[in-house]
Amino acid sequence: MNDTGAKKVVKDNLDVAVVQCSNALESIQAWSQLMFQSLQNKLNSLYDAGVVGIENLDLNGKLGHVWLRVGDSCHEAIELLRSQVSTQAIYFGVAGLVTGSVIGLCIGYSVKKNSSQAFSTSFSNSLMRAILTTNTNRRIDGITTATTTIPNLLHPDNVLIHVKAMSVDNIDVKIASGYKNVYRYQLGLSSARAPFVLGRECSGIIVDIGHQVYNFEINDRVWVCLPIWASRGVMSEYIVVPEKYVGQKPKNISFEGAATIPYAALMLWRKVIQEAHLDSNNTKNKRILIHLGSVSKNDGVGLLATQVLKSWGARVTISTTEHVEDNFPTGYGVAQLTFLHSLKSLGAESHLILPNDKSLLPNVAQRIFDVVINTDCGDITPHLECFCKDPSKAQVLETFPPEFTNTPATIFHSLMGLLFTKQKPDEESSHYILDECRRLIESGLVAPVVAKSFLKLKPAVK
1 MNDTGAKKVV KDNLDVAVVQ CSNALESIQA WSQLMFQSLQ NKLNSLYDAG
51 VVGIENLDLN GKLGHVWLRV GDSCHEAIEL LRSQVSTQAI YFGVAGLVTG
101 SVIGLCIGYS VKKNSSQAFS TSFSNSLMRA ILTTNTNRRI DGITTATTTI
151 PNLLHPDNVL IHVKAMSVDN IDVKIASGYK NVYRYQLGLS SARAPFVLGR
201 ECSGIIVDIG HQVYNFEIND RVWVCLPIWA SRGVMSEYIV VPEKYVGQKP
251 KNISFEGAAT IPYAALMLWR KVIQEAHLDS NNTKNKRILI HLGSVSKNDG
301 VGLLATQVLK SWGARVTIST TEHVEDNFPT GYGVAQLTFL HSLKSLGAES
351 HLILPNDKSL LPNVAQRIFD VVINTDCGDI TPHLECFCKD PSKAQVLETF
401 PPEFTNTPAT IFHSLMGLLF TKQKPDEESS HYILDECRRL IESGLVAPVV
451 AKSFLKLKPA VK
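First residue of the sequence shown: 1, per the UniProt record's numbering; consecutive thereafter.
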């Protein structure tokens, strides 16, 4: 091709580019003109509506004068734009504003997406240690430690947490025995096939977040409480959970202490505080009996209930049965707190020791309590009704799922639930409950009680 032909091709390409640019500018000009006209109409409409509204309301003269001044200022601004600023300048200004906004949004989204994927990408094939059950038929013998892959963020509201401490609760033994699948069936959910990770509560540090997580940032120190029916637990080095089950950890306690509170708080709020409609405004001077309120046997719910209700002004009495310490394995730690410790540290007003023979309870009971709470997964609940102030409205609140007990009525209820009940899973966020407990702990009104600490597992090698 000679020079003349090459120049002709270049000229044609330049002509095409000029035409395309001209078309683009015309489109931007038309869009900007429509936008400017729409804005002008909106301002005029607002001005007219404001004047009519002021006249109809017949407000005082000062307010009307101010409103008219504002309207005049709007008109002056519009006229100034018309007379002093060229239409072309307005078009280019609007086009630049829109273009800059779009570019800024794209950059911001790209930065967040890249930062949130950095950890997941570098650790996508990494391994971690976890405590899981391999066979629910073997119950506690099916619990073991294993090496598995670090989970990835599956949903935009997910949070990836490096677990620093976790608690072992009674519910974990029940889940290892198949209770979770029974509960999931009642909720109409599919079974979680073994092996699956155990654990309902933990504390740790956030290492990654989804792009729709707005309440947390990477490196936040948090605590977590999962519902019983959750398919995967927290007993692993890393966990992925929805944001709604996460809360900011209290700043004045350790990771170990923070790991003992969430599940107990969840049970206390949903089984007692919400059922009895208790809060910091209506609990003052109420007499409350908490059975096993000074022991950490049943997931620490009694310990937490004693402190929370006392901080709200309740007159709390705790009760234990004779020789309750014989029911705990040797070396359990603070299985039963002393009476003096209960009074000074937990704030209990008095301490009742109940006979093991439940038929003798009416002989020692006094009907003086506005609320009676049972934290023991046994059959003592009906016998505690004799402590209720009003026999006609006697109700003992339990801080555990009713399926935990072995009474004939409960067994029948569970069987009927398996056959007919298809409830919806409780989607209520744990975030509010965790935040309430954090405020109480940081105020010094509630303190965690750690029964016993164990050394962490050796991390898995990639």
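Note that beta-carbon positions come from the ideal geometry of N, C-alpha and C, so glycine has one too.
Distance between residue j and residue i (C-alpha atoms, nearest Å)
| i | j | result |
| --- | --- | --- |
| residue 306 | residue 387 | 17 Å |
| residue 243 | residue 166 | 18 Å |
| residue 198 | residue 280 | 34 Å |
| residue 175 | residue 227 | 12 Å |
| residue 147 | residue 454 | 19 Å |
| residue 237 | residue 302 | 29 Å |
| residue 357 | residue 371 | 23 Å |
| residue 272 | residue 205 | 30 Å |
| residue 316 | residue 363 | 21 Å |
| residue 408 | residue 379 | At residue 408, the pLDDT of 46 sits below 50, so the modelled position is not reliable; the number obtained from the coordinates is stated separately. Taking the straight line from one Cα to the other gives about 10 Å. |
| residue 251 | residue 304 | 18 Å |
| residue 69 | residue 45 | 16 Å |
| residue 121 | residue 150 | Residue placement at residue 121 is poorly supported in this model, since its pLDDT is 47, which falls under 50; the coordinates still yield a value, given next. Using only the alpha carbons, I get a separation of about 11 Å. |
| residue 161 | residue 437 | 20 Å |
| residue 215 | residue 127 | 28 Å |
| residue 443 | residue 322 | 35 Å |
| residue 308 | residue 270 | 14 Å |
Run of the alpha helix (DSSP H) containing residue i, from where it starts to where it stops
| i | result |
| --- | --- |
| residue 431 | 431-442 |
| residue 305 | 301-311 |
| residue 165 | Not the alpha helix (DSSP H): residue 165 falls in the beta strand (DSSP E), residues 158-166. |
| residue 173 | 170-176 |
| residue 262 | 262-268 |
Within 9 Å, strictly: CB atoms of residue i and residue j
| i | j | result |
| --- | --- | --- |
| residue 224 | residue 247 | yes |
| residue 525 | residue 235 | Past the edges of the chain, shown from 1 to 462, lies residue 525, and the structure says nothing about it. |
| residue 287 | residue 368 | yes |
| residue 447 | residue 253 | yes |
| residue 292 | residue 298 | yes |
| residue 172 | residue 200 | yes |
| residue 259 | residue 393 | no |
| residue 249 | residue 203 | yes |
| residue 373 | residue 261 | no |
| residue 159 | residue 240 | yes |
| residue 284 | residue 314 | yes |
Where residue i falls, given that 16 or more other Cβ within 10 Å makes a residue buried
| i | result |
| --- | --- |
| residue 266 | buried |
| residue 449 | buried |
| residue 432 | exposed |
| residue 208 | buried |
| residue 143 | buried |
| residue 233 | buried |
| residue 350 | exposed |
| residue 320 | buried |
| residue 398 | buried |
| residue 104 | exposed |
| residue 257 | buried |
| residue 452 | exposed |
| residue 101 | exposed |
Continuous beta strand (DSSP E) stretch holding residue i: start and end
| i | result |
| --- | --- |
| residue 204 | 201-209 |
| residue 142 | Unbroken run through residue 142: none, as it is neither H nor E. |
| residue 398 | 396-398 |
| residue 373 | 371-374 |
| residue 130 | 127-133 |
| residue 257 | Where residue 257 is concerned, there is no enclosing beta strand (DSSP E), although the alpha helix (DSSP H) it sits in stretches over 255-258. |
| residue 153 | From DSSP, residue 153 is part of no beta strand (DSSP E); its letter is neither H nor E. |
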